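From first to last, the protein sequence lines stand for chains A and B.
Numbering of the first sequence is given in numbering that gives the first Met the number 0, commencing with residue 0 and proceeding in unit increments.
Numbering of the second sequence is given in numbering that gives the first Met the number 0, commencing with residue 0 and proceeding in unit increments.
Accompanying notes for the structure given below.
Protein chains: 2
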Amino acid sequence: MFPEADAVAPAVTAVFTTVLTEGPLSRVALARRLGLSSAAVTKAARPLIELGYLEELAATERTGPGAGRPASPLAIRADREFFVGVKITGDELIGVVCDLRAEVRTSAHRRLSAPDVDHVLTELGELVGELLDRPGGYRARTRRLGLAVSGDVDRSTGLVRYSPFLRWHDLPLREQAEKITGLTVTVENDVKALTTAEHWFGEGVGAESFALVTVGAGIGCGLVVGGRLVSGSHGVAGEIGHIGIDVNGPACHCGSRGCVEAIAGADAIVRQARSAAGRPELTFDDAVALARAGDAPAGAVFARAGDAIGSGIAAVANLVGPARIVVSGEGLAAYDLFEPHIRAGFQRQAFGAAADCPLSIRPLPFEEWARGAATVSIQALVAS
Amino acid sequence: MFPEADAVAPAVTAVFTTVLTEGPLSRVALARRLGLSSAAVTKAARPLIELGYLEELAATERTGPGAGRPASPLAIRADREFFVGVKITGDELIGVVCDLRAEVRTSAHRRLSAPDVDHVLTELGELVGELLDRPGGYRARTRRLGLAVSGDVDRSTGLVRYSPFLRWHDLPLREQAEKITGLTVTVENDVKALTTAEHWFGEGVGAESFALVTVGAGIGCGLVVGGRLVSGSHGVAGEIGHIGIDVNGPACHCGSRGCVEAIAGADAIVRQARSAAGRPELTFDDAVALARAGDAPAGAVFARAGDAIGSGIAAVANLVGPARIVVSGEGLAAYDLFEPHIRAGFQRQAFGAAADCPLSIRPLPFEEWARGAATVSIQALVAS
DNA sequence: ATCAATACTTGACGAAGGAAATTATTGTGC
DNA sequence: GCACAATAATTTCCTTCGTCAAGTATTGAT
């Protein structure tokens, strides 16, 4: 958190993260929220104000019966520091500069000619440089960069163990990215980064448990339980895409049959739409167009896919009972075709009170992935 | 923890629970394990020794190169205090007296004529009295009783919100049981209690995450993530029995089709075995006997059920990635018929490294449920 | 103007844990 | 047998963190 200080008092971190994620709050409100005395909050807030991370707002509207000194809420000074976030895919880099509240200030992207490590790193360095040199005074106030990569990533060491789309194995990405950008780098799995962003700054704020489901080429899921991101003891967690929901379903690339992804993944949808229409050249967008035009077989493909996703989500709700679930991802460009069927599948398969779990289904700007990466670097600041 | 003391130092609780669950450990070993200084462990251990909860063992075998003062490991004095645990089912009470290490010292059970609250409480009082008066000096050293009940239970208030088998609604069980027994009572859901027992004293010891799956009339699951029991925001968690694994499968009492429980629950197995054999009077035990005798249709019913359970377990592994999974329950009396199919279903449906999750499949003495209840009261002591 | 109510600050205090020195107890090399 | 190295446990002193209780600040109501 602070330049020179090996350990920050727990209360300081708690006050900071609570103000950061739960908006302006008075010291007394913070004390209640955190189970601390108001004296402790006063003391914890002081260094944060001195460093410019927090500021005191003017007292606003009266709350209670009308008497008493008005509260002076503490708020984040969002422009105190900026963070770069970059999502790395097999053929593109998407970069953003965010403020402390993870609001995107500017963004850019670059196509990649190949997932070659050196090429990616060169492009990354240029992209970060371009973003920081844009008007806004970002460079002077930016120390950290977050990277989001699909696959098996060790956040604590910044090592990419294996990324199938990028074909990377045991790549010390943090080290190399720090060398080329001069920033302090945090590397995280893309779905986890997005989940973190939603947990800290999106619909998951304040939730003790929370799930984010991404629909796209694959079907992924990030899980927060007990306020902490679930990582999985064997490096696997949130693999909602390979829950089996139909023992007689289509074969999946994982070797089983009837996995959610084998029914609702983008490839699976294209395959099913092609055979339903008898047109082997059909693309995903064609299938969407057909279904929207009222073509019954194409519509049925999306219906089945949505239902499969809903079933998978219900499995999450039945097992861990998150306070809320957000469904998102580039696959939801065809939102209108999926949404009712996701809900129907969920309602059918959710057991008892699990069906009460609020479900937000909404498409997601692709930039959001990069914002997730930036959020991870904000977290890294707070944890430091 | 201690009679008069509103707050116990965190280190004291940490030292106690670690010695309790991870066996005799020297102070230095505890310090390493807990990230504390050895001075802190010395200080934390002292009151525990004075109160008779811990004792110092004689130095045993030398460990390292051979020099240095030998360690004096700290161990639990298991007979310092006893705990009663009772599992309440619709037609029976099963009670045990356990020591601090949750070893069963004596047990008893009583049949219930009806799940009538007053009747159950009367029988409970008599059962507890009978257990404590047995030779062993239990009564003088027993202060706590744990109750395990199926259904929706609020452990913090001791309220049974709804228990379908017992047909109880919003029953303040803790209060009433305390009145009748004079002990401090903790009430917990039965599957959670069993999970806790396995996490503290069984195969889940030391695991950061852990799952226990029970196979019986229903298929249940208790989940530990981040060292803490998962409760579910809407009161639902671990409902592995209603994960849908076959959209065209048999109808389930929950309203959906192809739930794990609709294929592998005891009722479902009987129903399938009856129609497979064309004998409508068949019991569960008959079906087991048939399958063991080599009857192919009966064997197929168990195979399908085991496979369904394995699929459900794989969903748990894919989603939360527990360090290990224990499968148990009275349904595993037919262990030999299930086991290979559970493993096969799990291996097929577990994604990637999730398949590495160790799976223990073993039948479980019915008394174990009561031991789970006792464990919960041991936890309540530690937390107090 | 006074008072009650609420928010915040201050300073004394205590609990908890760490650092380093000290004591305890062993095996090893001579 | 005697220094000594090595490891375990304890003691003493000290820092840190947070609470408590008292005091200050700022409002509306009487």
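We treat Cβ as the ideally placed atom computed from N, Cα and C, and that holds for glycine.
Note that the structure is a prediction, hence the values are computed from the model and not measured.
Per DSSP, residue i forms a beta bridge with which residues?
i	result
A:F82	A:C97 and A:R143
A:T183	A:R143
A:G221	A:L211
A:R109	A:L92
B:L358	B:I324
A:I239	Beta-bridge pairing links A:I239 to no other residue.
B:H168	B:Y161
A:C253	Answer is none; A:C253 lacks a bridge partner.
A:R227	A:V224
B:N247	Per DSSP, none; premise fails for B:N247.
A:A74	A:E54
B:L24	B:L73
A:I87	A:L92 and A:V148
B:V103	B:C97
Looking only at its own chain, which residues have a Cβ that is under 7 Å from the Cβ of residue i, when we skip the five neighbours before and after it?
i	result
A:S376	F82, G84, R143, L144, G145 and T185
B:S112	H118
B:E129	A107
B:S383	M0
A:L126	V85, L92, G94, A107 and R109
A:L35	A10
A:I179	L120, L123 and G124
B:S230	A236
B:A302	H340
A:V448	The question about residue 448 of chain A has no answer, for chain A in this structure spans 0 to 383.
Assuming residue i contacts residue j under a Cβ cut-off of 8 Å, what Cβ separation, rounded to an integer in Å, is found between them?
i	j	result
B:A30	B:S37	4 Å
A:A304	A:I239	With 8 Å as the limit, A:A304 and A:I239 do not qualify as a contact, their Cβ atoms being about 14 Å apart.
A:H233	B:A352	4 Å
B:I75	B:L50	12 Å between Cβ atoms; not a contact.
B:E187	B:A147	6 Å
A:A322	A:E177	Actually they are not in contact, since the Cβ atoms of A:A322 and A:E177 sit about 36 Å apart, beyond 8 Å.
A:F387	A:A313	As displayed, chain A neither begins before 0 nor continues past 383, which places residue 387 of chain A out of reach and without an answer.
How would you call residue i, buried or exposed, if buried means at least 16 neighbouring beta carbons within 10 angstroms?
i	result
B:K86	buried
A:G320	buried
B:D306	buried
B:G254	exposed
B:T156	exposed
A:R26	buried
A:I48	exposed
B:E122	buried
A:H340	buried
A:P362	buried
A:D266	exposed
A:T374	buried
B:D90	exposed
A:D98	buried
Which residues in the same chain as residue i place their Cβ atom closer than 6 Å to its Cβ, once the five residues preceding and following it in sequence are excluded?
i	result
B:S71	E55 and A58
A:F200	A101
B:G203	E197 and F209
B:V315	A210
B:G371	A147, A192, L193 and A196
The beta strand (DSSP E) that contains residue i, what's its start and end?
i	result
A:L53	L53 to E55
Only counting the same chain, and skipping five residues up and downstream in sequence, which positions put a Cβ closer than 8 Å to that of residue i?
i	result
B:T17	L24, L29, R32 and L33
B:V381	M0, T12, F15, T16 and L19
B:W368	K86, I93, A147, D189, A192 and L193
B:G248	R256, G257, C258, A261 and I262
B:A299	A275
B:C251	H241, G257, C258, E260 and A261
Just reading off the alpha helix (DSSP H) that residue i is part of, what are its end residues?
i	result
A:V152	It is not in any alpha helix (DSSP H) - A:V152 instead sits in the beta strand (DSSP E) that spans D151 to D153.
A:G264	Taken as a continuous stretch (DSSP letters only), A:G264 belongs to no alpha helix (DSSP H), as it is neither H nor E.
B:D306	A295 to V319
B:R278	Run containing B:R278: none; DSSP gives neither H nor E here.
B:G124	V116 to D132
A:Y334	Y334 to Q348
A:L380	E366 to A382
B:A292	Looking at the DSSP string, B:A292 is not in any alpha helix (DSSP H), and its letter there is neither H nor E.
A:E197	D189 to F200
B:R45	S37 to E49
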